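Participant: Submitted below is the structure of interest, expressed as structure tokens.
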Amino acid sequence: MSTFQELGIPADLIQGLDELGIITPTDIQLQAIPILMENGGDLVAQAQTGTGKTAAFGLPLLTKVDPRSKEIQGLVIAPTRELAKQIGKQLFRFTKHSAKIFVEVVSGGDKIDRQVAALQRPTQIVVATPGRLVELVRQKALSLDAVKHLVLDEADEMLSMGFRKELEQIIGFTRQRRGTWLFSATFPDSIQQLIHGCMSGQPRRIAIDRGHVVNRDIDHRFAVRARDEKTEFIAEYLDRHHPDRGLVFCRTKAGAITLAKQLAKLGHQVDVLQGDLTQPERDKVMRSFKKERVRVLVATDVVARGIDVDDLAFVIHHQPPDQLEYYTHRSGRTARAGKKGVSITLIEPRERAKLQRIGHELGVDFSELR
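Under our numbering, the sequence shown is numbered contiguously, ending at residue 370.
Written out as structure tokens, the structure is:
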């Protein structure tokens, strides 16, 4: 097994990784880092959430930035504010013992005037959501003329959220770049078109086997329940495992709201995170959850991207996810920092085959919880 030193990562960045408990490179890091450290050209990587993508692109990006320059040299685009802030935080942590590299996060939901003011300071890397970045460029609040490397993280999610036009504009803003690094869990036709539009020639391609992306510290369980029995099951589980904290995932906003209200009526400390919330409302929910005033958070998939909370003992899937990569993302919220966790999927009798497919594709063995 290679080490970060053998992959070419400088000692000062490795010291930051050591303090974060990041010792052994993941599969995506083993494949991507040597390519990006070597030439930093175009790369297309297929990898799900939870595989270590941020370090895979973040460490090479940090080595290619000149801290003496005051210009923006690296640009990372992410689909949600939460994920953008998580990436920014990780890049900051990586550089604790290295020459100071300034990273600024700009995203929708935050006050734009504060972001404009912050961008007046020397900034080498910007992490942004697509819409807010385009807005800032139009206001001439920042210049992307010196950007050498563009990272598109979770590109498929950005397209599914309707950001195609903004991504094409961002690609146009950074025509002088030396490399585009695109990370995506899936590769529908829209992604192939995006790759063709932003990369010349043949980009390097890597893919991570889905069977190696699931955290092995997670105990994967399932329970068969009719739809109208699921709330009772979850409430009983919370009673038996008090005061453990965790997440419950629902497919729809309406389902998440309804379930949260039902659990609250049964006396549980619960809140909901769903797409109709304003950004201040979303921030308030997350503060309550992180400060443990709320024990359980009911969430939909897209808004939960970027949730970075340790010490969560369980994840419950109210329904099995529609997309395979969502199972990895959901389950990866538990068993963090070397701890154990449980992921429980509630299925109706007719959904056994769907659960079997998830297990087969991800190499997961589900045991029944009665």
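Yeah, the Cβ is synthetic: ideal placement off N, Cα and C, and Gly gets one too.
This one's a predicted model, so the numbers in the text were calculated from it and none came from an experiment.
Can you give the Cα-Cα distance for Pro-79 and Ala-235, rounded to whole angstroms?
Facilitator: Position 79 of the sequence shown holds residue 79. Position 235 of the sequence shown holds residue 235. Going by the C-alpha atoms only, they are around 33 angstroms apart.
Participant: Leaving out the 5 sequence neighbours to the left and right, which residues in its chain are closer than 7 angstroms to Ala-99 when beta-carbon positions are compared?
Facilitator: To locate residue 99, count along the sequence shown from 1; it is residue 99. Excluding residues within five positions, the ones whose Cβ falls inside 7 angstroms are Pro-67.
Participant: Are three or more beta carbon pairs between the region 326 to 344 and the region 302 to 317 nearer than 8 angstroms?
Facilitator: Judged by Cβ distances under 8 angstroms, the region 326 to 344 makes contact with the region 302 to 317, as three or more pairs qualify.
Participant: Within 8 angstroms, do at least three Cβ pairs link the region 124 to 141 to the region 22 to 31?
Facilitator: At 8 angstroms Cβ cutoff, the stretches do not touch.
Participant: DSSP has Ile-125 in a bridge; who is on the other side?
Facilitator: The residue given as residue 125 occupies position 125 in the sequence shown. Paired residues: Gly-74 and Val-103.
Participant: Under a three-way DSSP split, which group does Val-302 fall into?
Facilitator: Translated into the one-based positions of the sequence shown, residue 302 becomes position 302. The answer is coil: DSSP assigns Val-302 none of H, G, I, E or B.
Participant: Would DSSP call Ile-87 helix, strand or coil?
Facilitator: On the sequence shown, position 87 is the one that residue 87 refers to. Here Ile-87 sits in helix by DSSP.
Participant: Roughly how many angstroms lie between the CA atoms of Val-296 and Gln-120, to the nearest whole one?
Facilitator: Here residue 296 is taken as the residue at index 296 of the sequence shown, counted from 1. Here residue 120 is taken as the residue at index 120 of the sequence shown, counted from 1. About 40 angstroms.
Participant: Lys-89 and Glu-19 look like a contact to me (Cβ under 8 angstroms); what is the Cβ gap, rounded to whole Å?
Facilitator: Locating residue 89 in the sequence shown gives position 89, where the first residue counts as 1. Locating residue 19 in the sequence shown gives position 19, where the first residue counts as 1. Going by Cβ atoms, the distance from Lys-89 to Glu-19 rounds to 14 angstroms, so no, they are not a contact pair.
Participant: I need the straight-line Cα distance from Leu-355 to Val-151, nearest angstrom please.
Facilitator: Here residue 355 corresponds to residue number 355 of the sequence shown, with the count starting at 1. Here residue 151 corresponds to residue number 151 of the sequence shown, with the count starting at 1. Straight-line Cα distance between these residues: approximately 33 angstroms.
Participant: Just to check my reading of the structure: Arg-251 and Asp-322 have Cβ atoms closer than 8 angstroms, yes? What is that Cβ distance to the nearest angstrom?
Facilitator: Taking the sequence shown and counting its residues from 1, the one referred to as residue 251 is at position 251. Taking the sequence shown and counting its residues from 1, the one referred to as residue 322 is at position 322. Their Cβ separation, rounded to whole angstroms, is 7 angstroms, which keeps Arg-251 and Asp-322 in contact under 8 angstroms.
Participant: Using CA coordinates, which residue listed in Val-147, Val-127 and Ala-117 is at the minimum distance from Ala-141?
Facilitator: Counting from one through the sequence shown, the residue named residue 141 turns up at place 141. Minimum Cα distance to Ala-141 is reached at Ala-117.
Participant: Buried or exposed for Ser-143, going by 16 or more other Cβ atoms inside 10 Å?
Facilitator: On the sequence shown, residue 143 is found 143 positions in, with the first residue counted as 1. Exposed: under 16 other Cβ atoms inside 10 Å.
Participant: Can you tell me whether Ala-400 is buried or exposed? The criterion is at least 16 other CB atoms within 10 Å of its CB, across all chains shown.
Facilitator: This structure cannot settle anything about residue 400, because the visible part of the chain is limited to 1 through 370.
Participant: Which residues in the same chain have their Cβ closer than 6 angstroms to the Cβ of Ala-84, if we skip the five residues on either side of it in sequence?
Facilitator: As a first step, residue 84 is located in the sequence shown; it is residue number 84 there, counting from the start. Same-chain partners within the cutoff: Ala-78, Val-105, Ser-107, Val-127 and Thr-129.
Participant: Check whether the Cβ atoms of Leu-91 and Ile-125 sit closer than 8 angstroms, and answer yes or no.
Facilitator: The residue given as residue 91 occupies position 91 in the sequence shown. The residue given as residue 125 occupies position 125 in the sequence shown. It is a contact, given that the beta carbons lie within the stated cut-off.
Participant: How about Phe-57 and Trp-181: are their beta carbons less than 8 angstroms apart?
Facilitator: For the purposes of this step, residue 57 is taken as the residue at position 57 of the sequence shown. For the purposes of this step, residue 181 is taken as the residue at position 181 of the sequence shown. Against a cut-off of 8 angstroms, the Cβ pair of Trp-181 and Phe-57 comes out as a contact.
Participant: Which residue marks the beginning of the alpha helix (DSSP H) containing Val-285, and which one marks its end?
Facilitator: The sequence position of residue 285 within the sequence shown is 285, counting from 1. Where Val-285 is concerned, the enclosing alpha helix (DSSP H) stretches over 279 to 290.
Participant: Report the rounded CA-to-CA distance for Glu-82 versus Val-302, giving the unit in angstroms.
Facilitator: Taking the first residue of the sequence shown as position 1, residue 82 is located at position 82. Taking the first residue of the sequence shown as position 1, residue 302 is located at position 302. C-alpha separation (whole angstroms): 10 angstroms.
Participant: Exposed or buried, Glu-325, counting other C-beta atoms within 10 Å across all chains shown (16 or more means buried)?
Facilitator: Reading the sequence shown from its first residue, position 325 is the one you call residue 325. That one is buried.
Participant: What are the start and end residues of the beta strand (DSSP E) that includes Leu-20?
Facilitator: Numbered from its first residue, the sequence shown carries residue 20 at position 20. Element bounds for Leu-20: n/a, residue is neither H nor E.
Participant: Within the same chain, show all residues whose beta-carbon is closer than 7 angstroms to that of Ile-307, passing over the 5 residues directly before and after it, in chain order.
Facilitator: As a working note, residue 307 is residue 307 in the sequence shown. Contacts found: Glu-82 and Arg-333.
Participant: Within the same chain, show all residues whose beta-carbon is closer than 6 angstroms to that of Gly-179, passing over the 5 residues directly before and after it, in chain order.
Facilitator: Counted from its first residue, the sequence shown places residue 179 at position 179. Gly-40, Gly-41, Asp-42 and His-149.
Participant: Please report how far the alpha carbon of Ser-343 lies from the alpha carbon of Ala-223, in whole angstroms.
Facilitator: The count along the sequence shown starts at 1 and reaches residue 343 at position 343. The count along the sequence shown starts at 1 and reaches residue 223 at position 223. Computed Cα separation, rounded: 11 angstroms.
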